[in-house]
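Residue numbers (the working numbering), protein chains in the order written: chain C, 691 to 953; chain D, 722 to 787.
We treat Cβ as the ideally placed atom computed from N, Cα and C, and that holds for glycine.
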């Protein structure tokens, strides 16, 4: 960018060059996940916290052996939690697992079919986690009042959905995302709903600070190529936002001058 | 004595520690976190923490997720 230097994304005092955050679910194997991560340019990757398999071979590599916490910022999530208590417990386990790492993605789900967030439980969990010194990036609905409340509680980033998790339906309510952005003092990151590159660009063109996605990359026919597409989509959407788009007009506006015609 | 590990019953020698349990499961290497009856057990205290009959232990790791 020659005319405008962007400021990098800052979350909880840490600077990130990439505005794309990706997940680690649904990949064929760890190596495909790592290749997608590298192609995406993402610096932050989400992980889930689950019971170890007691029968598992001790020599079998684990996710964090392949995707190193030394190279990438690991963002443990609370996926699968339906109560504030389970989410808080999961975050505490994650902090112990990652040697005191405080950054977490809070999500408290309300319904198995839509995976819509349970907002009241999310608010309760956010209060507890912020008091317990976590840096909370919070998945929520696209309700502007709830987004503001989560910011006031002290969440370091608010992450409204564009559409249900894993649906690939895109940004279904861009006007709500805009309302959230207008009032926000913390990064707003669209989390969930992105299906393809243009969806990520739309989120960024609205002025979002970043996009978080998993299925859109992992379920593409060629995940590594889609990861590369998403990198470009997020960058181009960001540049278009900074550049400021032209106004929409109902009628045409000629691009070639009318003066000087010889016919 | 019997304890519940990740929902499964395990028989351990009396006065086993958290470390003894992890050794028996070959889980002393790698990134895990341990919860004993709902309370996190810091890695540095695995040796000191003695288990009691009926204890509920959760051992977790990071896996793929979005």
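Separation of residue 780 (chain D) and residue 878 (chain C) (C-alpha to C-alpha, rounded to the nearest whole angstrom) is 34 Å.
By the neighbour-count criterion, in which 16 or more other beta carbons inside 10 Å mark a residue as buried, residue 899 (chain C) falls on the buried side.
Contact annotation, residue 765 (chain C) with residue 793 (chain C): C-beta distance approximately 6 Å; criterion of less than 8 Å satisfied. Going by DSSP, residue 811 (chain C) is part of the alpha helix (DSSP H) stretching over 809-821.
About 13 Å separates the CB atoms of residue 809 (chain C) and residue 777 (chain C); that is not less than 8 Å, and the two are not in contact. Within chain C, no C-beta atom comes nearer than 9 Å to that of residue 735 (chain D); the closest sits roughly 21 Å away. In the displayed model, residue 941 (chain C) falls within coil according to three-state DSSP, outside both helix and strand. Considering only beta carbons, the part of the stretch 711-722 of chain C lying closer than 9 Å to chain D consists of 712, 713, 714, 715, 716, 717 and 720, in chain order. Using beta-carbon distances, residue 920 (chain C) does not count as an interface residue toward chain D, since no partner is under 9 Å.
The Cβ atoms of residue 814 (chain C) and residue 852 (chain C) lie no closer than 9 Å to each other.
The alpha-carbon separation between residue 854 (chain C) and residue 756 (chain D) amounts to approximately 32 Å.
According to the DSSP assignment, residue 829 (chain C) belongs to the beta strand (DSSP E) that extends over 825-830. Close CB contacts of residue 885 (chain C) within its chain, under the 6 Å cut and outside five residues either way in sequence, are with 858, 860 and 906 (chain order).
Under the Cβ distance rule, residue 764 (chain D) counts among the residues neighbouring chain C, one pair being separated by less than 9 Å.
Using a C-beta cut-off of 8 Å, the stretch 915-934 of chain C makes contact with the stretch 888-897 of chain C, since at least three inter-stretch Cβ pairs fall below that distance. Distances from the CA of residue 759 (chain C) to each of C:724, C:946, C:730 and C:914 were compared; the closest alpha carbon is that of C:724. Per the C-alpha coordinates, the member of C:785, C:739, C:839 and C:709 positioned closest to residue 763 (chain D) is C:785. For residue 905 (chain C), the closest Cβ of chain D is nearer than 9 Å. Judged by DSSP in its simplified three-state form, residue 735 (chain D) adopts coil rather than helix or strand. Pairwise C-beta distances place the stretch 818-826 of chain C out of contact with the stretch 861-871 of chain C, as fewer than three of them are shorter than 8 Å. By the neighbour-count criterion, in which a residue is buried when 16 or more other Cβ atoms sit within 10 angstroms of its Cβ, residue 712 (chain C) is buried. Apart from the 5 residues on each side of it in sequence, residue 924 (chain C) sits with its Cβ closer than 7 Å to the Cβ of 709, 710, 890, 894 and 901 in its chain, given in chain order. Between residue 727 (chain C) and residue 762 (chain C), the beta carbon gap of about 7 Å places them in contact (Cβ cut-off 8 Å). Annotated three-state conformation of residue 767 (chain C) is strand, per DSSP.
Rounded to the nearest whole angstrom, the CA to CA distance from residue 919 (chain C) to residue 871 (chain C) is 25 Å. Chain-ordered listing is empty here: chain C has no CB closer than 9 Å to the CB of residue 757 (chain D), the nearest sitting near 12 Å. As DSSP reads the structure, residue 764 (chain D) sits in no beta bridge. Against chain D, a Cβ distance below 9 Å from residue 738 (chain C) picks out 783, 784, 785, 786 and 787. Contact between residue 729 (chain C) and residue 942 (chain C) does not hold, since the beta-carbon distance rounds to 40 Å and is not under 8 Å. The C-beta of residue 908 (chain C) comes closer than 9 Å to at least one C-beta of chain D. Of the candidates C:757, C:696, C:935 and C:749, the residue whose Cα lies closest to the Cα of residue 719 (chain C) is C:757. Residue 945 (chain C) and residue 695 (chain C) have their C-alpha atoms some 29 Å from each other.
For a cut-off of 8 Å, the C-beta gap from residue 811 (chain C) to residue 773 (chain C) is around 6 Å, short enough to register as a contact. Judged by their CB atoms, residue 848 (chain C) and residue 874 (chain C) are nearer to each other than the 9 Å cut-off. For residue 740 (chain D), no CB of chain C lies under 9 Å from its own CB, so it is not counted at the interface with that chain.
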